Every structure is written in structure tokens, then in C-alpha cells.
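Those protein sequence lines, which keep their order, are chains A and B. The first sequence begins at 8 in my numbering and counts up by one. The second sequence begins at 36 in my numbering and counts up by one. Note that the Cβ used here is the ideal one computed from N, Cα and C, for glycine as well. These numbers were taken from a predicted model, which means no experiment stands behind them.
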Amino acid sequence: MSAEQSAVLEAPATASAVGERKAALAWPAITRAELLKLAGLTLQLAVVVYFLFAFRIENTAFYNSVAPIALVGFVVNHLLPMRYRLPFFATLSLLTLFVVFGLIQSAWLVALGLLLIGIAHLPVRFVWRVALLLGVGAVFAVMRLGHLAQYQPWRSAIWPILGSMFMFRLIAYMYDLRHMKDKPTVARTLAYFFGLPNVSFLLYPVIDYATFKRTYYDREPFTIYRTGINWMVRGLTHLMVYRMIYQYGTMLPTDVQNGTHFVRYVLANFGLYLRVSGQFHLIVGMLHLFGFRLPETHHFFYVASSFTEFWRRINIYWKDFMTKVIYMPAYFRLKKRGDAFALVTSTILVFAATWFFHSYQWFWLLGTWLLSWTDTLFWGILAVLLSFNVLREYRQGRKRTTKSTEWTAAERTRLVINTLITFTVICLLWTLWTMPTLRDFAALITTPKWRAQDIALALAVLGVVAVSAWIAQRRDTATAKGKDVARTTIPSLAVLGVVWLLGEPYVRQFYSSDVNAFWRSTRIQELSALERSQLQRGYYERIVDLNRFNGGLWDIYSRKPKEWLRLDQTDIQQKVPDARLFVMKPNHTTNLNGDIITTNRWGMRDQDYEPTKGPNVTRVAMLGASYVMGIGVKTGDFFEPILEKRLAADTTGHGSRKVEILNFAVSAYLLQHQLALMESGELQKVGTDVVLIIGHLTDANRGASYLFRLEANGLKTPYDTLRTLMRVAGWNAPPDEPEARRTMRNFEGEMSRVTFLRMGELCRQNNWRCVYAYIPMPFERLNPDLQVELLGYASAGGLETIDMGDVYDPYDERKLIITEWDYHPNLRGHTIIAARLHKELLSKPGVLTHHADSAASTASTSEEKRR
Amino acid sequence: MNAIEGTVKSYILEEFLPGANASDVNESTPLISGGILDSLATVKLVAFLEEQYKVTIEPHEASVDYLDTIRQIADLVRSKRA
């Protein structure tokens with residue numbers, strides 16, 4: 008099946024073409040050589056598909072469904088007559104949608120898509136069609152925001168996918184519809200919008216419709232397939248490198264203290280873009296398997312030698328899209344006013360549009376509008392730099408590579424120097440872009456201390472960039488001379504094979520635990536420790552700083568329903584004018600993401616308790632945060648009531664004494680909130696005997712946030728010890744929480760320590776038996792040293808400790824969480840915690856039978872005797 | 036090679052590929068998709084064509100569909116002059 012046959016099918020029917028058309032419709036007679044070629048490529052593709060599965064590349068839908076379907080589809084597609092290939096691809100794409108999304112939701116998705124396509128083809132004037140599309144788009148936008156939910160029979164999970172399919176490609180399609188001479192066919196239009204890989208990738212290259220049409224089987228098919236497989240392997244490699252950077256390279260900006268940290272932070276941040284590059288290679292590579300010889304999506308963008316080069320090499324499809332719909336129309340309109348004016352204005356318009364469209368994309372994928380000064384400044388600065396570059400290139404030209412191009416040593420040196428300058432500036436700009444605020448960026452730039460070894464590291468990195476620039480230039484020259492430098496599929500697969508082998512569970516058992524953890528991370532797609540902590544922060548703060556489209560968290564947030572709330576977004580909490588800052592309203596009921604939360608007269612999510620406990624009863628006040636009060640599970644399905652029931656059923660360790668557990672937990676309470684609660688007198692009101700503080704990661708690193716909120720509420724820090732720490736750290740009314748955290752960065756441990764000391768004092772004063780139980784949420788890990796330190800502080804404060812840091816070790820934590828965007832434990836997770844906590848409490852003799860009143864009388868008698 | 040093709044080729048060699056051999060570019064060498072003409076070079080070429088042949092080129096024609104090879108460029112100019 009050849010490109011010529013494709014051209015014949017596209018050509019208007021003429022008498023002379025009839026014979027050739029018949030040939031294109033006929034089943035192809037495949038030669039033995041062709042069959043061998045097909046078998047060889049299928050084998051390579053099968054290995055790629057296996058690696059996608061083995062390395063769990065990107066998402067389940069992709070490696071479990073889309074990639075295997077593409078493998079089978081590739082063979083079938085090639086064996087079909089040319090006439091049937093495009094309809095086959097369109098049908099396969101729609102079927103894949105149904106496989107991934109299920110019948111009902113896919114039907115809605117396709118229906119909404121067809122509505123948009125239908126409007127694009129209405130037999131009315133172009134301007135009316137555009138107006139209608141804008142109108143329907145506005146209605147969709149309102150629905151994307153979560154309004155009109157009562158009229159929406161489909162799930163909100165559809166919106167990001169629909170947005171991904173239509174938000175840009177519909178613009179490109181409309182543009183071509185207006186200017187192209189021949190009408191699009193149904194099959195091509197469906198293939199264009201619903202293309203096979205789109206169902207599993209929200210970030211999808213803005214493929215130009217005219218290019219999509221023009222390049223379809225316009226070369227020898229096996230050449231196209233080979234390129235496709237090569238690009239898929241390249242994409243897979245990019246994604247594996249990205250995964251390592253994401254898991255081991257990223258760090259919090261507040262943790263950047265020296266030059267080495269700074270270099271690591273900046274490089275990792277820029278390196279995260281490999282995810283987009285990797286995904287685009289996989290997508291376009293996969294489309295090649297079905298004959299779409301689309302152009303490259305990225306080309307050596309890390310070693311661009313100017314800002315215009317960078318723009319041309321990174322996300323090439325976007326650059327082409329902008330050139331087509333903004334740059335050229337603007338330039339042609341403005342050129343009468345002079346070339347320089349037209350060029351600069353068009354360039355600025357392109358960046359203004361890119362800035363807008365970036366937020367527009369954010370809206371469709373995440374349901375919120377991205378507006379930040381750092382984002383605006385990033386595109387603004389890039390526009391200015393590009394404008395200067397454009398003018399310079401317009402006047403001086405630039406060196407282009409052809410067959411006869413020879414680079415002199417001076418030219419190469421200039422190229423390398425320009426690359427280093429561009430790389431450095433872009434790295435800094437990229438960092439600015441991904442910062443939540445300008446203040447954060449300023450702090451990141453000014454905080455690090457540069458030592459000799461940091462400067463050496465920075466120079467070494469620039470050295471690597473220089474060598475890479477030189478290699479890239481040589482490869483481009485070789486390509487221009489017609490050499491095939493893209494034969495990298497087999498060597499790359501071999502390298503990936505070694506990575507696969509070293510990550511095999513059988514091999515991993517011979518490694519130390521750290522090495523094992525590293526190789527294990529090559530096999531799983533999960534949030535990095537950094538983004539897990541960001542997800543965690545999301546339970547405490549309204550703003551979650553997503554790193555633009557880098558990292559993995561945004562992806563998860565795109566699937567989070569708009570109506571998914573945190574407890575503080577309901578009406579159940581109220582502010583109080585003391586150091587607790589907020590409590591839950593007593594006798595109140597609210598609905599949180601489908602679960603009914605009801606509080607008793609004490610403001611606890613618990614059954615009601617009389618102020619006076621019955622005889623022979625030990626009352627345990629359980630303190631903690633959201634997961635302790637069972638956020639995400641139904642009443643009675645969390646570990647406190649489960650444990651209470653277990654204790655009632657099994658009296659081992661407490662005999663005839665009844666144990667009542669009073670759940671004082673409040674969502675978003677930090678360690679200092681718990682102390683404030685112990686100070687408040689609430690525990691005494693219900694005759695508390697034992698205080699069981701359930702702690703987790705935030706106990707070690709959120710003290711500064713508490714102090715900031717205390718001040719924001721007009722309250723003074725109640726303890727001398729904490730005030731002293733603040734003075735020593737240089738606390739001076741920080742304007743925001745990140746600044747507060749930066750100020751107290753080196754004092755978080757000390758804040759935990761003095762908090763535990765005060766807790767211990769309160770326990771002794773009230774004759775409470777106090778236990779600090781470290782129980783993480785699923786996927787929540789403290790570094791082991793910090794965990795030991797935290798438990799050590801609790802112990803030094805006089806609290807007994809329980810370490811349940813390993814509570815989930817025997818289990819698959821993915822099965823213990825509510826959803827992928829909320830890592831609170833589910834019923835199973837709570838049951839596991841309850842069983843372990845029961846066991847741990849039994850191992851502390853006397854805890855479950857402790858009686859504060861008798862202990863108090865004993866204590867006061869001893870005190871009197873001592874006097 | 037016709038007159039238009041020859042003129043366009045000379046212009047491209049002189050303006051965008053100084054120092055390159057004339058044999059590096061023929062009537063079917065991909066100019067835009069091959070990276071020889073970027074957006075900036077394309078608008079320069081358009082200005083040249085409009086000036087040289089007194090034709091008006093539309094924004095959507097300043098693309099790979101119309102200007103990717105010397106043959107396409109010449110065809111476009113001829114169609115405008117016809």
C-alpha cells in the first residue's frame with residue numbers, strides 16, 4: 008500500500024484514476040519481504056507495549072487498554088486496503104473510548120463531540136457557526152464550573168477529556184474548514200478529534216488538521232511505522248528519565264538553602280517538562296502506526312541557542328498553531344505599518360494568546376482559572392526576549408543547516424556560548440513560572456549560600472549542556488546531509504531492557520532496601536514524596552500550588568470532581584477566639600462528599616456522652632486530625648468506633664472496666680491545636696482518664712503554619728518557649744505562610760519538642776495517662792530519622808509512645824485510600840489501623856484501666872505526705 | 036526550471052542560505068517542513084513575492100500547504116497572476 012494509492016483516494020474521481028482507485032480498494036497482496044518487515048516491526052512494537060505495561064507508563068487506561076489495542080490495530084490496519092484504513096482507525100478510536108470510559112459515559116462524550124462537529128458543519132455562514140460554537144462553549148464552561156449539575160446526565164470526569172479533544176483542535180479545524188478547498192471526510196474528522204491515544208492523555212499536541220490530512224500515508228508505510236516506533240521508544244525513555252527526576256530530584260523551594268540545592272531545584276523543575284515531551288512522542292509515535300506521518304513535536308529544546316530557537320523547538324505543534332492562527336493573520340494585517348512594527352506586535356500577540364490559552368487549557372482540564380503574576384511575568388518576559396531576537400534575526404539572519412553546511416570552530420564556539428546563555432536564562436524563567444508567588448521566587452534566588460563546591464557543580468552542569476549542544480548540532484548537520492541518525496530503536500530498547508531486568512522483583516530481592524526502593528520506583532507510577540505532601544497540604548490549605556502541567560498532581564486534580572469538598576468548606580466548623588482557632592459546631596449535621604457528618608453535644612463526630620462517666624469506666628480522649636474523625640468514610644466506619652467496639656467485645660487487658668473513646672479529633676488540627684485543646688478545659692468536662700494523641704507527618708513540619716494562623720487571627724502565641732523560638736528565628740510578622748515556614752524552617756523540630764513538653768506537663772497536672780501514637784495516613788511517610796526524632800520528643804515530654812509507622816507495610820496502599828485525589832484511609836484502612844492500635848494499647852499495661860480521679864487522689868495524698 | 040522557480044531559488048539561496056551550494060535546493064526540497072523557512076523567513080519570502088510579482092498573498096497561504104517547495108511557491112504565484 009503506497010502513498011500514491013493514498014493520493015489517488017484523495018483525488019477527485021477522474022476516468023483515468025478509476026483503475027488505480029480499484030487497486031486502492033483491493034485487498035493488498037503482501038509479499039514475503041513485506042510480511043517479514045511487518046513481523047519485525049510488530050515484534051518491536053510488542054516489546055514497546057510490554058515495557059509500557061511493565062513500567063506502568065502514565066496511566067492504567069494507556070498501558071492496559073490503549074497500547075495493546077494499538078498493537079493489534081497496527082497489524083490489522085496495515086493489512087486492510089487503503090480505502091478502509093482511515094474508517095478503521097476512526098472506529099478503533101471510538102471503540103477504545105468505550106473500552107476505557109464505559110458505554111454510557113463514552114456515548115455522552117461522543118455525543119457532545121458530535122454536537123460541536125455538527126455545528127462546525129452547519130449550512131450557515133461561517134461567522135454564525137463560530138458564534139454558535141462560542142455559545143455552546145460558554146454553556147459547557149458554566150457546566151465545567153459545576154453549575155447546572157442537575158441538568159447534566161454525564162459524569163463531570165468527561166469534561167477534561169472533552170476539553171482535551173476540542174479546546175484547541177476545534178480552532179485549528181475551523182480555520183482549515185474556512186480555507187481548505189476540499190471538505191473533510193467523516194472518518195478523517197472523527198480520527199482527528201477522537202484519535203486513539205487521546206483517551207488516556209489530557210495533554211495532547213495541537214495537531215494541525217491540514218497537516219493531519221496532508222501527511223497521511225504520504226511516504227512509504229514502513230518508513231512511517233519505523234519512525235513511529237522510534238518516537239514511542241524515545242517517549243518511553245523521556246518518561247522514565249522524568250520519573251527519576253520527579254521521584255528523586257524535586258524538592259520544596261523552602262528547602263533550598265545552598266547552591267547545590269538551587270542547581271538541583273532549578274534543573275529538576277525544568278527536567279519535569281520531559282513528561283510532556285515523552286507523552287507527545289508516544290502520542291505522535293502511535294499515530295504514525297496508523298499512517299499519520301506527523302512532524303516531530305520537540306527537537307533538542309534543552310540546547311536551543313537563542314530564545315527564538317527555544318520557542319521553535321519546544322512544543323513545535325503549539326508554535327505552528329500560534330503561527331497559523333495568530334502570528335500570520337496579525338502580521339499580514341499590520342505589515343503596512345512597517346515590518347519591524349508588524350513583527351514585534353505579532354510576536355507579542357502570540358505570547359499574549361499563549362498566556363491566555365494556557366489559562367484556558369487549565370480551566371478545561373482542572374476547572375479553575377489560572378491567574379498568577381509569575382505565569383503572566385513568564386510569558387511577558389519571554390515575549391520581550393523573543394521580540395528582540397526576532398528583530399535581530401530579521402536584520403542579521405541566522406545560520407541554517409543544509410547538505411553543504413560546514414560549521415567553523417568560531418561558529419561552533421559562538422553556538423555553544425549562546426546555548427549556555429539561553430539555557431541559564433530559560434532555567435531561571437522556568438523556575439519563576441513554576442513559583443506560586445514572586446516573593447517565593449525572590450526568596451529562592453536570594454536564600455542559597457554559594458560555596459565552592461556549589462559553583463563547581465553549576466559549572467559542571469553548564470559543561471554538560473555545552474557538550475550536548477555540540478552533539479545536537481552535529482546530529483542536525485548529519486540529518487541535513489541525509490544520514491539516518493535515527494536508528495536508535497533497538498539500542499534504546501536494549502537499555503530499557505536492562506532497566507527492566509534490574510527492576511524485576513526477583514532481582515530486587517538481592518538489593519539493600521534503599522537500592523530496592525529505587526528500582527521499585529522504576530516500576531510504579533505514583534506521586535512523589537513531594538507531591539504527596541502537597542496533596543496532604545491540600546487538606547489543610549485552600550490553595551494547592553500545582554507545578555503548572557509538570558509533575559503528576561495536576562493530572563489527579565483534573566479527575567477530582569468539582570464538588571469534592573474539604574470539611575472546612577462546609578458549615579460544620581466555627582471559629583473560636585482561643586488557640587484552638589476553630590472547632591466543630593455541636594449537634595450539627597453536614598454532608599461531606601456524600602457522607603453525613605454529625606456531631607454530638609460536645610462537637611465531636613461521635614455518639615453522645617454524658618458529662619459524668621459511669622462507674623468502672625475509663626474514658627479515653629482521642630485527639631487527632633481529619634483521618635481520626637473519619638473523613639471520607641461513613642459514621643461508625645473509622646478506626647475510633649471500630650476500636651471501641653473491639654474493646655467492648657474483647658475485654659482482654661481491661662477486664663470488667665468499660666472503655667469509652669471520645670473522639671475529639673478535628674479536621675486540619677495540627678500538633679499545636681491538640682495542645683490548645685488540652686489547655687481548653689474541654690477534656691476535663693467529660694472526665695478524661697487517658698489522652699490518646701494520634702499524630703502524623705504534620706506534627707513534624709507544620710508548626711510555623713499554626714503560628715502564622717494564630718497571628719492572622721489576632722491571637723498572641725501563648726507560650727514563652729514558642730515565642731523565644733520565634734524571636735531567635737527572626738519572626739517578623741511574615742506576610743504569608745510560605746514566608747512563615749521559611750522563617751521557622753530550622754526550628755520545626757524544636758517547636759514539636761516544646762509542644763510535647765507542655766503536653767506532658769498538662770498530663771501530669773491532670774493525672775491523665777497520655778499516649779502519643781504515630782499513625783500515618785496511607786502513602787504518608789516521614790523520613791525515618793524525623794519519625795524517631797518526633798517520637799523521641801513525645802517521650803521526652805513524658806508521653807508514652809506507640810510507633811505505627813509501618814502499619815500499612817504488608818498491604819497495597821492503593822487499596823486503602825478513598826480515591827486517588829484523597830489519601831484518607833477507607834474502611835479497610837481504618838480496620839487495619841484499629842486492629843493494630845488495639846494490639847498496641849494492650850501492650851501498655853494499665854492504660855485501658857487508668858482512672859484519673861483515683862490517680863489524682865493518690866497523687867494528692869502522696870503530695871500531702873511529701874509535704 | 037522556469038523563470039519563477041529560478042528567481043525564487045536564487046532569492047532563497049541568497050537570503051536564507053548564504054554559502055550553501057545551489058545543488059542543496061531543488062524544486063521539491065521541503066523548505067518549511069525541512070526547517071529552512073521559519074515563520075520569520077516565510078514573511079520575508081512573502082514580502083519578496085508580493086513585491087517581485089505584484090501579487091497579494093493571504094495569511095492562510097503563508098503556510099506549508101502553499102510555500103513548502105519552490106514548485107508550490109511558483110504554482111501559487113502563477114495562480115495569482117492568472
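Closer than 7 Å at the beta carbon, the chain B residues around residue i
{"i": "H186 (chain A)", "result": "H95"}
{"i": "P336 (chain A)", "result": "P94"}
{"i": "A217 (chain A)", "result": "D100"}
{"i": "F339 (chain A)", "result": "P94"}
{"i": "T330 (chain A)", "result": "S74"}
Whether residue i touches residue j by CB criterion (8 Å)
{"i": "Y800 (chain A)", "j": "I700 (chain A)", "result": "no"}
{"i": "L630 (chain A)", "j": "L684 (chain A)", "result": "yes"}
{"i": "I252 (chain A)", "j": "G278 (chain A)", "result": "yes"}
{"i": "V357 (chain A)", "j": "I333 (chain A)", "result": "yes"}
{"i": "G242 (chain A)", "j": "H288 (chain A)", "result": "yes"}
{"i": "A53 (chain A)", "j": "L78 (chain A)", "result": "yes"}
{"i": "Y223 (chain A)", "j": "D183 (chain A)", "result": "no"}
{"i": "L823 (chain A)", "j": "G836 (chain A)", "result": "yes"}
{"i": "V640 (chain A)", "j": "D602 (chain A)", "result": "yes"}
{"i": "R566 (chain A)", "j": "A145 (chain A)", "result": "no"}
{"i": "W371 (chain A)", "j": "W571 (chain A)", "result": "no"}
{"i": "T42 (chain B)", "j": "Q87 (chain B)", "result": "yes"}
{"i": "R271 (chain A)", "j": "A536 (chain A)", "result": "no"}
CB-CB length for residue i against residue j, believed under 8 Å
{"i": "T762 (chain A)", "j": "L678 (chain A)", "result": "5 Å"}
{"i": "I674 (chain A)", "j": "M636 (chain A)", "result": "In the sequence under discussion, the amino acid at residue 674 (chain A) is Ser, which differs from the Ile named in the question. S674 (chain A) to M636 (chain A), Cβ: 6 Å. Contact."}
{"i": "G266 (chain A)", "j": "D578 (chain A)", "result": "Not a contact, Cβ separation roughly 49 Å."}
{"i": "L588 (chain A)", "j": "N720 (chain A)", "result": "6 Å"}
{"i": "L169 (chain A)", "j": "L121 (chain A)", "result": "11 Å between Cβ atoms; not a contact."}
{"i": "R233 (chain A)", "j": "L48 (chain A)", "result": "7 Å"}
{"i": "F269 (chain A)", "j": "P455 (chain A)", "result": "4 Å"}
Candidates the options: closest to residue i by CA position
{"i": "G660 (chain A)", "options": "A:P725, A:F348, A:T625, A:D346", "result": "A:T625"}
{"i": "T3 (chain A)", "options": "A:W775, A:K665, A:A656", "result": "Residue 3 (chain A) lies beyond the residue range present for chain A, which begins at 8 and ends at 874; the question has no answer from this structure."}
{"i": "K652 (chain A)", "options": "A:V213, A:T838, A:N237", "result": "A:T838"}
{"i": "T383 (chain A)", "options": "A:S394, A:L372, A:A359", "result": "A:A359"}
{"i": "R515 (chain A)", "options": "A:V502, A:T529, A:L503", "result": "A:T529"}
{"i": "Y781 (chain A)", "options": "A:N773, A:Q772, A:P791", "result": "A:P791"}
{"i": "E757 (chain A)", "options": "A:K592, A:L793, A:T244", "result": "A:L793"}
{"i": "P817 (chain A)", "options": "A:S535, A:T381, A:R843", "result": "A:R843"}
{"i": "A586 (chain A)", "options": "A:S475, A:R734, A:Q681", "result": "A:Q681"}
{"i": "N753 (chain A)", "options": "A:Y726, A:Y180, A:G710, A:G510", "result": "A:G710"}
{"i": "S100 (chain A)", "options": "A:G125, A:F69, A:R90", "result": "A:F69"}
{"i": "V248 (chain A)", "options": "A:M258, A:Y726, A:R282, A:P228", "result": "A:R282"}
{"i": "A97 (chain A)", "options": "A:W507, A:D521, A:A194, A:A536", "result": "A:A194"}
{"i": "E303 (chain A)", "options": "A:P212, A:D829, A:Q580, A:R226", "result": "A:P212"}
{"i": "K486 (chain A)", "options": "A:H306, A:P742, A:W828, A:L152", "result": "Before going on, a small fix: residue 486 (chain A) reads as Thr here, not Lys. Closest option to T486 (chain A), Cα to Cα, is A:H306."}
{"i": "T244 (chain A)", "options": "A:G504, A:T230, A:S113, A:K188", "result": "A:G504"}
{"i": "L732 (chain A)", "options": "A:L722, A:T750, A:R250, A:P742", "result": "A:T750"}
{"i": "L203 (chain A)", "options": "A:S663, A:I424, A:V106", "result": "A:V106"}
{"i": "T381 (chain A)", "options": "A:P584, A:T438, A:L690, A:A179", "result": "A:T438"}
Chain A contact residues for residue i, given Cβ-Cβ distances below 8 Å
{"i": "F51 (chain B)", "result": "G404, R407"}
{"i": "I39 (chain B)", "result": "Correct list: empty, because the minimum Cβ distance to chain A is about 22 Å."}
{"i": "V90 (chain B)", "result": "Per Cβ cutoff of 8 Å: no residues; V90 (chain B) is ~13 Å from chain A at best."}
Neighbouring residues, chain A, relative to residue i (Cβ below 7 Å)
{"i": "V43 (chain B)", "result": "None at all; the shortest Cβ gap to chain A is about 16 Å."}
{"i": "S68 (chain B)", "result": "P302"}
Contacts of residue i in chain B (Cβ-Cβ under 9 Å)
{"i": "R6 (chain A)", "result": "Absent from the structure is residue 6 (chain A), since the part of chain A shown begins at 8 and ends at 874."}
beta-carbon residue i near the ligand ZN non-hydrogen atom, thresh 7 Å
{"i": "L350 (chain A)", "result": "This structure lacks the ligand ZN; in fact it carries no ligand of any kind."}
Scan the region 94-124 of chain A for residues whose Cβ lies nearer than 8 Å to a Cβ of chain B and list them as they occur along the chain. Answer in chain order: no residues at all.
Any residues in the region 99-114 of chain B with a beta carbon nearer than 8 Å to a beta carbon of chain A? Which ones, in chain order? V99, D100
- Near-chain B residues of the region 466-485 of chain A - C-beta to any C-beta below 7 Å: none
Near-chain B residues of the region 287-320 of chain A - C-beta to any C-beta below 7 Å
P302, R319
Using a Cβ-Cβ cut-off of less than 7 Å, list which residues of the region 563-574 of chain A approach chain B; keep chain order. none
Compile a chain-ordered list of the residues in the region 219-236 of chain A whose CB is closer than 8 Å to at least one CB of chain B. R221
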